[in-house]
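Student: Number 89 in UniProt numbering belongs to position 89 of the sequence shown; there are no gaps in the numbering. Each residue gets a CB set at the ideal place from its N, CA and C atoms; glycine is no exception. Keep in mind that this is a model prediction, so the values were computed, not measured. Dropping the structure in here first, questions after.
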Amino acid sequence: MKKDQLSTLIAVGFFAGTFVIAFTSNDTDTAAMRVLAYLLIGCFVSILSIFWDKLMTNDNPQPDPEIDSVLYDAEKFSEEYGDVYVLADQLKKQRRELKSQKLNGKTA
Numbered sequence: 001m002k003k004d005q006l007s008t009l010i011a012v013g014f015f016a017g018t019f020v021i022a023f024t025s026n027d028t029d030t031a032a033m034r035v036l037a038y039l040l041i042g043c044f045v046s047i048l049s050i051f052w053d054k055l056m057t058n059d060n061p062q063p064d065p066e067i068d069s070v071l072y073d074a075e076k077f078s079e080e081y082g083d084v085y086v087l088a089d090q091l092k093k094q095r096r097e098l099k100s101q102k103l104n105g106k107t108a
C-alpha cells in the first residue's frame, strides 16, 4: 500500500473510531475517558504504523575507508582532485601575513 493511501486510511479510521466511541456511550464522563484513551492509543499506533519501516530497518551505510583517508588529508585530496585545498590554505596564509604586515605598519 502506498504511503499516501496508508495515511488516508489511518485518518479515516481514526475519526470514524472517535465518533463511534463517543456516541455509543450513555455516560458523558465515560465517553470522554474512552475518547481520550482512544486518541492516545490511536496516535501511538498510527505513528508506529507510518514509521514502522524506518524503525525496523538497520540501514547504516558503512563509510569507505579509502574515501575517508582522502577527505581528511589535504595533500591526498589535492592529488586526487586537484590543488584546491592546498591552494586555499596557502591563500589563507598569505592573507594572514598581509593583515599582520598592515597592522604592524609594514608594507610588502
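In three-state terms, what does DSSP make of Ser25?
Tutor: Position 25 of the sequence shown holds residue 25. Of the three classes helix, strand and coil, the one that applies to Ser25 here is coil, per DSSP.
Student: Pick out whichever of Ala16, Ala88, Leu87 and Asp73 has its Cα sitting closest to the Cα of Gly42.
Tutor: Residue 42 sits at position 42 when you count from the first residue of the sequence shown. Among Ala16, Ala88, Leu87 and Asp73, the Cα nearest to that of Gly42 is on Ala16.
Student: Assign Ile21 to one of two classes, buried (16 or more other C-beta atoms within 10 Å of its C-beta) or exposed (fewer than that).
Tutor: Within the sequence shown, the letter at position 21 stands for residue 21. When all chains shown are included, Ile21 counts as buried.
Student: Give a yes or no on whether the C-beta atoms belonging to Ser100 and Ile50 are separated by under 9 Å.
Tutor: Taking the sequence shown and counting its residues from 1, the one referred to as residue 100 is at position 100. Taking the sequence shown and counting its residues from 1, the one referred to as residue 50 is at position 50. Taking C-beta atoms as the reference points, Ser100 and Ile50 fail to come closer than 9 Å.
Student: Output needed for Phe14: all residues of its chain with C-beta closer than 6 Å, excluding positions within five of it in sequence on either side, in chain order.
Tutor: Your numbering for residue 14 matches position 14 in the sequence shown. Apart from the 5 residues on each side of it in sequence, Phe14 sits with its Cβ closer than 6 Å to the Cβ of Gly42 in its chain, given in chain order.
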